[in-house]
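Below: the structure, in structure tokens.
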Amino acid sequence: MKTLKYLVTLYITISFQLFAQVYNCVTVSVQEVPAQSKGRWLPSEGTVNVLIIFAEFPDDNYDINNTRWVKGNAPQNMNNWVDQTWSANPTLGSLTHYFNEMSGNKLHFIGKEVHVIAPHTRDWYMNNYISNRRGNIQKEIIQQLDTTWDFAEFDNWDWVSDYTYYNNADTYVDMIIFVWRNISGDLSNPYQGLIDLGFVSNYGDLGDIGIINVDNNQRKIATSFGGRDSIPYGSGVTVRNYLTEDPFRNVIHEFSHYLIGNNDYHNGFGFWGMLSAWGIRTYVANAWERYRLGWISDSTTYTINNTTQTLTGRNLGDFVTGGNAYRFVINSSSQEYFFIENHQKLSYWENNAPFWGSHDGSVENGIYVIRKVGSPNRTNPSSWLQLIPADGRYNWEVNQAVDNPWGSGQLPVFKQLIPNKTNGYHDNQYIPFTYAGLISPQPIHFTENPVTQEPVVDIRFHGDSNDAFRIGYNQVFSPWSNPNNQRAANQTTPFGFEITNFSNGVYTLNIYVNTAENASPSKPQNLHFTYTDPDHPSLAWDLNTEPDISSYKIYRSYDNSSFYLAGVVSHPTNTFIDYEISYTKPIWEKSVKYYVVAVDNTNLTSVPSNQVEIAGIMQDPLPKLNANNFSEVYSEKYNFSLFKNYPNPFNPATKIRFSLPEASFVTLKVYDVLGREIKELVNEVKPSGEYEVEFNGSNLPSGTYVYKLTAGKYSAVGKMTLMK
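Just so we're aligned: the sequence shown equals residues -20 to -1, 1 to 704 in mature numbering (1 follows the signal peptide of the UniProt record, and there is no 0).
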């Protein structure tokens, strides 16, 4: 049986040591099915009654007083794991609660818990069983329970074939879940102990030793997995190391193999899912899993074919609690989909990890895109279910490596280069690279500080607060956005969505099926300084590739003030020199920031690009000589602002700049430190706009002076120093 441990070693040696969530699980054939298939070996709807056995060895001396599970006693809160009877209001944090919420109350997961100490020590099992020790250890415990337990209540389903079963007993127990306190953490060589005892991972079986007869041979417990010819091969799962691994998550994972499929259905890493491979951010089932099991509606499915439609004003509430997601069918024959989920963290399961404490990563509020690219294959990361993060795809390189702080060997240090929406890689996937002695591809655990080039711990697949689409950050997903909506072969698809509103946890979307050009422009990419002008900031950015782009607006913030329009250039121009800012007086330099927005021929605008920052000095406003650059400077909407005078200190003159959001009666006065009025600079009605007034102190003594701006309901003051 080929384990996931070997798969992880093939791609990245860190994963076993870092996460310790090793899923060997099961190996049977892959069977892709169309649409909503329900459960494969157990039903996804109806009542499943399970027995959870919390087991420990009599010679287990690992952390014996740990309050979560004190040696020789039942685990803390053991009876909260599963409810014995189903209710729409189950025990908070129980498996009954979990499957209620994930399934929309369709799967009634109930059962009983029992604490057992194995009949013999680990040494005894090592000496008395040559092979299949895990199976034989668990067989002994089952036989011990058989003297006092009736297993009939755990036999309620008759499996006929994949996805077909009847709600009646078939003499096979449906599900037994073993959860072990500790396997070998207290031994001199813990990993060798896992190998010797047969617990190198968690498993979707009970030890693969055939049939265990119980209830006076009236019932059977199958210890393998799957089934054939109407005969179940599996009746349970094995979860190890309660104290050092997340037991609740692992129980969900192993049980879910009976609902969905074998190891090939480990559906990606670094987001969420019942069968998420590792680096999980929350326990919740993702939209593909819930759709496949019939737990969310098929009414929000759109097929990308020759039909064109634009659906405006579509609301999407919280995915986990509401059970709604959009599904875009790219190619039904190869099972290629995009799923759109809204996460608002309203669910208990996105904020809690019962019996463990915390999740590996975090989820930010917003819209998430998940891509399914075809038949699953556990040895091919490109086939895994992927979270497509909103911060896009980039080129990457590796110039250095660091010692692995979680295990042996070294790890690559990734350096993020320019955006590349078509052939680049996002930071939530395996990224290929070239570096002597390291295996490629790998996910990101370290990145290079762009200033110091020092390696920084940066586990991107745990979440970096830039993965969700949301208002003002990245609102458009289309063939031209970054990330774009490309399928596995890097081919874009003619659909998209645009976020148009957000209120009370609900996003409003426009959905474009073969009409993505109707969306607003995508976020401009790769804004950077070119330094082509020696005296003034020079900017460049990547051209948007939508067919209807008309222009770009460049906005500036000076000295951390509000952003104002600095200029406009017509597409396909993608450069701009800001002649109002100079590098020539470094002693007076202030922070200057820029961003760019794209405008299409219907006057729709993109969200702002990422900002860039430099230092410079604001010069006198230039006359409106260049229509492309300055045609809209005075027609933009302004905020009320009073800026710092420049220069300051001054001798004998300085300039005071302010802006008005609307026409107002304006006064601008200068006072000395005793409050006496020295000079009135403005006393008149002025329209909305930005203004600059000179104050000359040639007839005044050195000292500190105060200037006060009043405009309608607004007022502000500033200080300046005359130094002769």
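Ideal Cβ placement from N, Cα and C applies to all residues, glycine included.
Smallest Cα separation from residue i: which of the options?
i, options, result
"Val646", "Glu670, Tyr78 and Leu507", "Glu670"
"Glu526", "Pro474, Asn379 and Trp258", "Pro474"
"Asn311", "Tyr348, Ser355 and Ile320", "Ser355"
"Thr301", "Ala696, Trp329 and Tyr492", "Trp329"
"Gly259", "Lys704, Tyr410 and Leu661", "Tyr410"
"Leu174", "Pro55, Val382, Leu125 and Arg113", "Arg113"
"Gln289", "Met155, Asp438 and Tyr492", "Tyr492"
"Lys649", "Ala643, Pro641 and Glu664", "Glu664"
"Met58", "Ala68, Trp66 and Thr47", "Thr47"
"Ile90", "Thr71, Met82, Val96 and Asp63", "Asp63"
"Trp336", "Ala257, Phe228, Gln433 and Phe318", "Phe228"
"His551", "Ile534, Asn304, Glu560 and His100", "Ile534"
"Pro504", "Ala267, Val194 and Thr553", "Thr553"
"Gly404", "Leu391, Asn470 and His442", "Asn470"
"Asp166", "Gln118, Leu223 and Asp135", "Leu223"
"Trp49", "Tyr143, Thr281, Pro70 and Val96", "Val96"
"Asn524", "Phe620, Ile439, Val587 and Glu93", "Val587"
Would you mind sorting residue i into buried or exposed? The rule is 16 or more other CB atoms within 10 Å of its CB.
i, result
"Tyr42", "buried"
"Asn197", "exposed"
"His508", "exposed"
"Val2", "Caution is warranted here: a pLDDT of 44 is assigned to Val2, below 50, making its placement in the model unreliable, and the coordinate value is therefore given only provisionally. Buried is the call here."
"Val13", "For Val13, the predicted model reports a pLDDT of 47, less than 50, meaning its position is unreliable; a value from the coordinates is still stated below. Exposed, by the Cβ-count rule."
"Ser(-6)", "Unreliable positioning characterises Ser(-6) in this predicted model, as indicated by a pLDDT of 32, which lies under 50. The coordinate reading is nonetheless provided below. The residue in question, Ser(-6), is buried, as its Cβ has 16 or more Cβ neighbours within 10 Å."
"Gln422", "buried"
"Asp130", "exposed"
"Pro334", "buried"
"Val180", "buried"
"Trp386", "exposed"
"Ser615", "Residue confidence is low: Ser615 scores 38 on pLDDT, short of 50, so the model does not pin down where it sits. Its coordinate-derived value is still stated next. With fewer than 16 Cβ atoms within 10 Å of its Cβ, Ser615 is classed as exposed."
"Lys617", "Caution applies to Lys617, whose pLDDT of 47 falls short of 50 and renders its modelled position unreliable; the value that the coordinates give is listed next. The residue in question, Lys617, is exposed, as its Cβ has fewer than 16 Cβ neighbours within 10 Å."
"Pro603", "Reliability fails at Pro603, whose pLDDT of 35 lies under 50, so the model's placement of it is uncertain and the value that follows must be treated cautiously. That one is exposed."
"Leu72", "exposed"
"Gly52", "exposed"
"Phe79", "buried"
"Ser9", "For Ser9, the predicted structure reports a pLDDT of 38, less than 50, and the residue's modelled location is therefore unreliable. The matter cannot be settled from this model."
"Gly677", "buried"
"Glu478", "buried"
"Ala416", "exposed"
"Lys699", "exposed"
"Gln118", "buried"
"Asn379", "exposed"
Verify whether the separation of the beta carbon atoms of residue i and residue j is less than 8 Å.
i, j, result
"Phe308", "His323", "no"
"Arg373", "Pro463", "yes"
"Val653", "Leu661", "no"
"Gly115", "Asp188", "yes"
"Tyr563", "Gln591", "no"
"Asn85", "Ala68", "yes"
"Arg20", "Ile240", "yes"
"Asp580", "Asp528", "yes"
"Gly297", "Ile276", "no"
"Leu125", "Ser24", "no"
"Ser500", "Leu584", "yes"
"Leu702", "Pro629", "yes"
"Ser571", "Ala546", "no"
"Gly253", "Asn266", "yes"
For residue i, which residues does DSSP report across the bridge?
i, result
"Leu296", "Tyr487"
"Val572", "Tyr538 and Ile594"
"residue 742", "No answer is possible for residue 742: it lies beyond the span of the chain, which begins at -20 and ends at 704."
"Asn454", "Arg450"
"Asn311", "Glu316"
"His95", "Phe34"
"Val159", "Phe34 and Val219"
"His231", "Rather than His, the amino acid found at residue 231 in this sequence is Val. BP columns for Val231 are empty, so no partner."
"Ile529", "Asp580"
"Leu291", "Ile491"
"Ala257", "For Ala257, which the question treats as bridged, DSSP gives no partner whatsoever."
"Asn322", "Ile347"
Kindly indicate if chain B contains any beta-carbon less than 8 Å away from that of residue i.
i, result
"Asn304", "Absent from the structure is chain B; it holds one protein chain and no more."
Quick check: the stretch 392 to 400 against the stretch 349 to 365, are there 3 or more CB pairs under 8 Å? no
Are three or more beta carbon pairs between the stretch 494 to 502 and the stretch 455 to 470 nearer than 8 Å? yes
Pairing CB atoms from the stretch 124 to 143 with CB atoms from the stretch 28 to 43, are three or more of them under 8 Å? yes
Take every Cβ of the stretch 632 to 646, pair it with every Cβ of the stretch 676 to 695, and state whether three or more of those distances are shorter than 8 Å. yes
Is there contact between the stretch 212 to 227 and the stretch 241 to 248, where contact requires at least three CB pairs shorter than 8 Å? no
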